[in-house]
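Numbering (the numbering used here), first residue to last: 1 to 392. Beta carbons: idealized from backbone N, C-alpha and C, even for Gly. First comes the structure, then the notes that go with it.
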Ligand SMILES: *Cc1c(COP(=O)(O)O)cnc(C)c1O
């Protein structure tokens, strides 16, 4: 017979014992969750038109852009696909930095669309040297250079400000994925010279999964508007732009999720974007210091590291799959492992969203407890002490 799996407590009053600490989806704040439960609206009526307009206006500064934003009812991968679909013609050549799972996914999508992919393979945990990019950009008239902003499989940040200077005055478009970065890490689309950026609802934007968001620069729009010969329909940004100019969405938007995003952006702006980003930096610093104090090694070796995702190697004696299972069984704390060749060898935890120092300290206590149970030698309490020092 079926096994009973207790569901997370859905009460807005009682504390929830289910601790969703993945690098996405992340725990949705009650204010956002309740907003997604408001009555359904006519998606072409005045009430929703107002919500749509103000939600986009509140999201633009979080993405560092004055460009139109387009919201699709899809996961992050859907807008990754849209990003490439709208700029390439079959046979176009793309330079794609592969230093983790998400760069590799872009390469897979590009190949599926008939583009020629020149990967730049970088060891995971590292980032690409801008001098290498500069040299490679001279070898071909690339349609696009793809560099992931926040590589959630390794915890590394791509240096878009420097990279934007390399592509700004060329015909090459700079395409990036900040699905797990935006709202947790600084993102300056316009100032950095990013031409196409995609993000998603279920990471630092604190919403349920289901919205993919995309923006393009003027330079990118000139390419998007061409008749490229690529079959585009739902994800055709030209349609999305016409609708944006009329203050609406081409097809039925995810009305409830947009209402959630309206609320989550209120939370972000009430706290202040700069304060939100500083809090993410502080919490990430605390978690990483705590994990190091337990004897774990940071997976990211690059200088610029994520504040939203922490990735750590596990000692060879620890089975990562078992560790993650025990954290859930014993403490209802849900973290991620690797979904690739590193499975069982590393852990990944989200340090993003509406969380506090107390959440990070609890994560560390649970991790310490399970590692000790599995025979890892550590000094109990050291992690929490190191984190508290790093917060200060
Ligand atoms: C989560 C994530 C995505 C999107 O994944 P979906 O499962 O398609 O929503 C894309 N890129 C990065 C870097 C991510 O962290």
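Residue 346 and residue 320 - do their beta-carbons sit closer together than 8 Å?
One thing to note: residue 320 has its Cβ within 8 Å of the Cβ of residue 346.
Validate contact between the stretch 170-177 and the stretch 127-147 using beta carbons, cut 8 Å, 3 pairs
The stretch 170-177, when compared against the stretch 127-147, does touch it at the 8 Å Cβ threshold.
Any heavy atom of ligand 1 nearer than 7 Å to the CB - residues listed
Spelled out in chain order, the answer is 23, 24, 75, 76, 77, 78, 80, 102, 148, 150, 151, 152, 177, 179, 180, 200, 202, 203, 209.
Return the CA-CA distance between residue 341 and residue 108, expressed in angstroms with no decimal places.
When rounded, the distance between both Cα atoms is 17 Å.
So for residue 70, helix, strand or coil by DSSP?
In the three-state scheme derived from DSSP, where H, G and I count as helix and E and B as strand, residue 70 is classed as strand.
Could you give the uninterrupted runs of the alpha helix (DSSP H) lying entirely in the stretch 128-207, keeping only those of 4 residues or more?
Runs of the alpha helix (DSSP H) lying entirely within the stretch 128-207, each at least 4 residues long, are 130-137, 160-167, 189-192 in chain order.
Start and end residues, beta strand (DSSP E) containing residue 280
Per DSSP, residue 280 belongs to no beta strand (DSSP E); it is in the alpha helix (DSSP H), 273-293.
Here's a check: name, in chain order, each residue in its chain whose Cβ is nearer than 8 Å to the Cβ of residue 377, leaving out the five neighbours to either side.
Hits under 8 Å: 295.
Alpha-carbon to alpha-carbon, residue 265 and residue 31:
The alpha-carbon atoms of residue 31 and residue 265 are separated by roughly 11 Å.
Can you list, in chain order, the residues of its chain with a C-beta nearer than 6 Å to that of residue 453? Leave out the 5 residues immediately preceding and following it.
This structure leaves residue 453 out entirely; the chain is present only between 1 and 392.
Proximity of residue 199 and residue 182 at Cβ, strictly below 8 Å:
Yes; because the gap between Cβ atoms is below 8 Å, this pair is in contact.
Would residue 99 and residue 134 be called neighbours here (beta carbons separated by less than 8 Å)?
Taking a C-beta distance under 8 Å as the contact criterion, residue 99 and residue 134 do not qualify as a contact pair.
Less than 7 Å between C-beta atoms, sequence neighbours within five positions excluded: which residues of the same chain meet that for residue 14?
Residue confidence for residue 14 is low, a pLDDT of 48 falling below 50, so the modelled location carries little weight and cannot support an answer.
Whole angstroms is fine: what's the gap from residue 75's alpha carbon to residue 391's?
Separation of residue 75 and residue 391 (C-alpha to C-alpha, rounded to the nearest whole angstrom) is 33 Å.
Which residues does DSSP list as the beta-bridge partners of residue 96?
The partner list for residue 96 (beta bridge, DSSP) reads 119, 146.
Take residue 229 and list the residues in its own chain whose beta-carbon comes closer than 8 Å to its own, dropping the five residues that flank it on each side.
Result list for residue 229: 89, 90, in chain order.
How would you label residue 389, buried or exposed, when you count the other beta carbons within 10 angstroms and need 16 or more for buried?
Here residue 389 is exposed. Its C-beta has fewer than 16 other C-beta atoms within 10 Å.
Extent of the continuous alpha helix (DSSP H) run through residue 299:
Bounds of any alpha helix (DSSP H) do not take in residue 299, whose DSSP letter is neither H nor E.
Distance between residue 51 and residue 125 (C-alpha atoms, nearest Å):
Distance between the alpha carbons of residue 125 and residue 51: 40 Å.
Helix, strand or coil for residue 385? Go by DSSP, reduced to three states.
Of the three classes helix, strand and coil, the one that applies to residue 385 here is helix, per DSSP.
Given a cut-off of 8 Å on the beta-carbon distance, is the pair residue 273 and residue 97 in contact?
The beta carbons of residue 273 and residue 97 sit no closer together than 8 Å.
Close-in-space but distant-in-sequence residues of the same chain around residue 286 (CB under 6 Å, 5 per side omitted):
Within the same chain, residue 286 has close Cβ partners 360, 387, 390, 391.
Measuring alpha carbon to alpha carbon, tell me which residue in 155, 141, 164 is nearest residue 131.
Distances from the CA of residue 131 to each of 155, 141, 164 were compared; the closest alpha carbon is that of 164.
Cβ-Cβ separation, residue 248 to residue 49 (assumed contact under 8 Å), whole Å
That pair is a contact at about 7 Å.
Closest by C-alpha distance to residue 398, when choosing among 129, 141, 127, 101:
Residue coverage of the chain in this structure runs from 1 to 392, which leaves residue 398 outside it and unanswerable.
CB residue 327 to CB residue 364, shorter than 8 Å?
Using a Cβ distance threshold of 8 Å, residue 327 and residue 364 do not count as a contacting pair.
Helix, strand or coil for residue 333, going by three-state DSSP, please let me know.
Per DSSP, reduced to three states, the secondary structure at residue 333 is strand.
Mapping DSSP to helix, strand and coil, what is residue 43?
Reduced to three states, the DSSP call for residue 43 is coil.
Residues near residue 243 in its chain [Cβ-Cβ closer than 8 Å; skip 5 each side]
Excluding sequence neighbours, residue 243 sits near 249, 250.
Would you grab the beta carbon distance between residue 116 and residue 93 for me? Rounded to a whole angstrom, and I think it's under 8 Å.
Cβ atoms of residue 116 and residue 93 come within 8 Å of each other, at about 5 Å.
Quick check: the Cα distance between residue 47 and residue 187, rounded to an integer number of angstroms?
In a straight line, the C-alpha of residue 47 is about 30 Å away from that of residue 187.
Is the beta carbon of residue 55 less than 8 Å from the beta carbon of residue 371?
Contact flag unset, no.
Taking only runs of the alpha helix (DSSP H) that begin and end inside the stretch 302-363, which ones reach a length of at least 4 residues, in chain order?
DSSP assignment within the stretch 302-363 yields the following whole alpha helix (DSSP H) runs of 4 residues or more, N-terminal first: 320-331.
Per-residue burial, residue 206 [other beta carbons within 10 Å of its own, 16 or more giving buried]:
That one is buried.
Below 7 Å CB to CB, which residues in the same chain sit around residue 238 once its five sequence neighbours on both sides are set aside?
Closer than 7 Å at Cβ, skipping near neighbours: 224, 225.
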